[in-house]
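The structure under discussion appears below in the form of structure tokens.
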Amino acid sequence: MVKRAGGSLLLSIKIDRKSPQPVSTQLCVALRELILEGGFRAGERLPASRTLARELGVSRTTIIEVFDRLVSEGMVESHTGSGTFVSEVLKASRPKPSQPDAPTVVRVAPRLSRLMEQAVTRFGDRQRLPHLPRAFTTALPAFDAFPMAQWARLSAKYLRGARDDIMGYGDPNGSPQLRRALATHLRANRGIVCDPDQLFIVGGAQQAFHLIGSTLLNPGEKVWFENPGAIGARNSLIASGADLVPVPVDAQGLCVDEGLRLSPQFRLAFVTPSHQQPLGSVMSLERRFALLHAAEQAGAWIIEDDYDGEFFFGGRMPPTLKSVDTTGLVIYVGTFSKSLFPSLRLGYLMAPPALVDTFRTIMSKFLQGVPSQMQG
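Here it is in structure tokens:
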């Protein structure tokens, strides 16, 4: 049963006791949305933990856990003896909030590149279709820690019980079961709320970058790119005809002000905010909002590569850029290459609502999805 909070400002907070998502995660998502939408202003004091616990019918320990998480994300600040306050960072850098209950407004027309637009028109509606690890090699997990025997047993069990449908072409967007499970995983672990239909299974993050670049970029269009940055992504975007603008990074991530100085007009920005590749910095909340604002003003899209997002050493995981995106401009990309193994060649992208039909068309006509056996 869904329980509503009693206070006037907290009426929008709903707790679903039957949900597999922990109550603390539900509350964290709800409070974050209230803050981003302007329900709580920068510098405003949040209700006391005891008050919130009473209003929402949860333990005070749960509320304290939620506050701690929001503090670690930089959304709020805790002052001993005074209470918990919305971060002052939000005053100058928060994007303009959407109207309550209004659908996300996308301020960028989802146009295709000329090359891809011509190809889609030409093909119509038809559907078609080992490197050994070495010490200190980048982008490789610990193979000796992988439960290979268990993986082999589960794979064999799946294939023995497989039906004829896994031998065909399958859903070009990816296994519906995998996309549903992935949507649940992203909500619980990365703070991203999405419909499974927004998810597309691809052959690794590299394919996602190429897909995005070839679909949205025309030759010569400007792309902000972290400097230093991910070589594979850089190559994919160059292959799409992009004119890369190398934007410096520091301990707080991409230097947005420098990007605006170098190229105030750009079509796309590529960032690794959770773990900058290769420097390892985490993008600050202030820089995240600055980037969202810059993209909105320029009419640009943002690729968020959640590089190493599953791994965080010390404290809590940083929030994804997508989880604080109220503009609908962020295209989120992830992969199983680090959490499982790279030869699996399994990745995914989460498209904003305005691009779902576009990517569905491209997937069905040119990629035809990932092998079904790898998605079981």
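To get this note's numbering, take the position in the sequence shown, counting from 1, and add 1147. Using N, Cα and C, we set each Cβ at its ideal position, and we do this for glycine too. All values reported here derive from a predicted model rather than from experimental measurement.
Closest in C-alpha terms to L1491, from the list G1351, A1189, R1337 and L1203, comes G1351. Between the alpha carbons of E1212 and G1379 lies a distance of about 38 Å. Taking 8 Å as the cut-off, the Cβ atoms of I1450 and I1359 count as close. Sequence-distant partners of H1357 (beyond 5 residues in either direction) whose C-beta falls short of 6 Å from its own C-beta, in its chain, are S1383. Three or more Cβ pairs drawn from the region 1392–1405 and the region 1423–1442 lie within less than 8 Å of each other, which places the two stretches in contact. Under the three-state reduction of DSSP, L1476 is assigned to coil, being neither helix nor strand.
By the neighbour-count definition (other C-beta atoms within 10 Å, threshold 16), K1512 is a buried residue.
Within a 10 Å sphere around the beta-carbon of G1376 sit 16 or more other beta-carbons, which makes this residue buried. Taking the CA atoms as reference points, L1199 sits about 7 Å from I1210. The three-state reading of DSSP puts T1209 in helix, counting H, G and I together. Between E1457 and the set P1319, G1446, G1481 and T1505, the nearest pair of CA atoms involves G1481. Linking S1206 to F1232 through their CA atoms gives a straight-line distance of about 20 Å.
Nearest C-alpha to S1171 among R1188, I1339, R1216 and E1180: R1216. Taking C-beta atoms as the reference points, S1421 and P1366 fail to come closer than 8 Å. Membership of E1433 in the alpha helix (DSSP H) is indicated by the continuous run L1432 to A1445. For D1504, the uninterrupted alpha helix (DSSP H) segment begins and ends at V1503 to I1509.
The three-state reading of DSSP puts P1395 in strand, counting E and B together. In this chain, D1291 is not harboured by any alpha helix (DSSP H), its DSSP state being neither H nor E. By the CB criterion at 8 Å, L1203 and I1160 fall inside the cutoff.
The residues W1371 and V1394, in chain order, have a CB closer than 6 Å to that of G1406 in the same chain once the five nearest residues on each side in sequence are set aside. By the 16-neighbour rule on beta-carbons within 10 angstroms, N1336 is exposed. Note that the C-beta distance between E1373 and F1413 is not below 8 Å.
For N1365, no alpha helix (DSSP H) encloses it, and the DSSP letter there is neither H nor E. Classified as exposed, V1340 has fewer than 16 neighbouring CB atoms from the shown chains inside 10 Å of its CB. In the structure shown, the three-state DSSP call for I1450 is strand. Pairing V1223 with E1433 gives a Cβ-Cβ distance that is not under 8 Å. Excluding the 5 residues flanking it on each side, C1175 has same chain C-beta neighbours closer than 7 Å at V1213, R1216 and L1217, in chain order.
For S1229 and G1221, the gap between their C-alpha atoms comes out near 18 Å. According to the DSSP assignment, A1330 belongs to the alpha helix (DSSP H) that extends over P1323 to R1337. The C-beta distance from W1448 to L1409 rounds to 18 Å, too long to meet the 8 Å contact threshold. Between L1364 and L1415 a beta carbon distance of about 6 Å is seen, short of the 8 Å cut, so the two are scored as contacting.
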